[in-house]
Amino acid sequence: MESYSYRVFFALGVVRIGLACFGVVGNILSVIVLAHRSMRSSTAVLLICLALYDTVFLVATGVTAVVGLNTISMSMSLLHIVAAFYPIRNIAQMGSVYATVILTVERFIAVAYPMKARIICTLSNSRNFMIGVFIFSVAFNIPRCLRSLIITPPMNVTANDSIPTDNYNFLYMRVYEIYLTTILYFLIPYTLIVLLNIRLLMTLKKSRKTTIKLSYHNKNKQQRRESTSMRNPTGKEDSLISFVIGITGCFFVCCFVPLVYNIIILAKPNLLAEATRYYLLSIGDTMLCVNAATDFIFYCLLGQRFRTLFIKTFCPFIRKSKTVMEI
1 MESYSYRVFF ALGVVRIGLA CFGVVGNILS VIVLAHRSMR SSTAVLLICL ALYDTVFLVA
61 TGVTAVVGLN TISMSMSLLH IVAAFYPIRN IAQMGSVYAT VILTVERFIA VAYPMKARII
121 CTLSNSRNFM IGVFIFSVAF NIPRCLRSLI ITPPMNVTAN DSIPTDNYNF LYMRVYEIYL
181 TTILYFLIPY TLIVLLNIRL LMTLKKSRKT TIKLSYHNKN KQQRRESTSM RNPTGKEDSL
241 ISFVIGITGC FFVCCFVPLV YNIIILAKPN LLAEATRYYL LSIGDTMLCV NAATDFIFYC
301 LLGQRFRTLF IKTFCPFIRK SKTVMEI
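Read in order, the letters of the sequence shown correspond to residues 1 to 327 in UniProt numbering.
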């Protein structure tokens, strides 16, 4: 049983390393494309920040996964590495979660309240929101940074000096790691994303029905064109909405296992056996890596402007070959 468990953990560790390598490359390419002048928008700013957070998360996860595979000869230096990357990983994860939330809110406002979107969904506001997310993510994870210093003390500090008290253990492990982390990392963002996506889809459906009715009753082409532009998103907006829904849908699926695990621990901490908890943790971490590594795929599949600019930037020979074939 122990050898089977080790094989499972080893396999999931290898998968996480592979996802980290793929995701880092994909996110770097995404940032290069999204930073292009022709992609300049408030949504692009949010997507760039999301890609950067996911990149940091994947790097930290990949490093800890590599260290985790070396369990036989785990030295103190390796433990220091894990302790150093643990808070960084959590800061990046929280930043990614709330960047996704703000991205969903921004798209919802753009569709449901197009007149207000011109005031709210601006480049400066997007930057300010992302600065706020970064400050909040760092501030919330300060206890984890302090905890990593306690777990891995300097060589000239005795073990007794670094052992936290029972009161500290209760506040950190129960209140902070379980209650606050579950609520702020999963419950609040998960609920907001689900509700906003439902409202977004309902608004789009209603908007398209209204557009069809107006187009049917209006005989004047100019009136029909104006009503369509007022009530229905443009092709550019449709593309943005499509891959925002794709990204948030992937977030919904990939965060389901960590959400269930945290809710179980929140409700009944001793319900799961130790082996089951480790399995769920490993699977949950792997799913989080899938979420962080697949944004590039959604951009390519659902973003026509992204595909065009990506091919123009990195694969110019494809455009040349198409031109030659057309000639």
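Using N, Cα and C, we set each Cβ at its ideal position, and we do this for glycine too.
Computed from a prediction, not measured in an experiment: that's the story for all the values here.
Shortest alpha-carbon distance to Val56 belongs to which of Leu34, Ser42, Val45, Val25?
-> Val25
In the DSSP assignment, find the alpha helix (DSSP H) that holds Ser282 and state where it starts and stops.
-> 274–293
Using DSSP with H/G/I as helix, E/B as strand and the rest coil, what is Tyr261?
-> helix
Whose C-beta lies closer than 8 Å to the C-beta of Phe256 among residues of the same chain, with five residues either side of it excluded?
-> Met287
How about Asp295 and Ala92: are their beta carbons less than 8 Å apart?
-> no
Measure the Cβ-Cβ separation of Ile198 and Thr100 and say whether it is below 8 Å.
-> no
Alpha carbon to alpha carbon, how far is Pro233 from Tyr299?
-> Note that Pro233 scores a pLDDT of 49, beneath 50, so its modelled location is shaky; the value from the coordinates is reported in the next line. Pro233 and Tyr299: Cα-Cα distance of roughly 19 Å.
Rounded separation between Tyr190 and Ala20 - CA only = 23 Å
Collapsed DSSP secondary structure at Lys268 in the structure displayed = coil
Cβ neighbour criterion (16 or more within 10 Å) applied to Phe314 | exposed
Assign Pro87 to one of two classes, buried (16 or more other C-beta atoms within 10 Å of its C-beta) or exposed (fewer than that).
-> buried
Among the residues of its own chain, which have a CB less than 6 Å from the CB of Asn291, if the five just before and after it don't count?
-> Cys250, Phe251, Cys254
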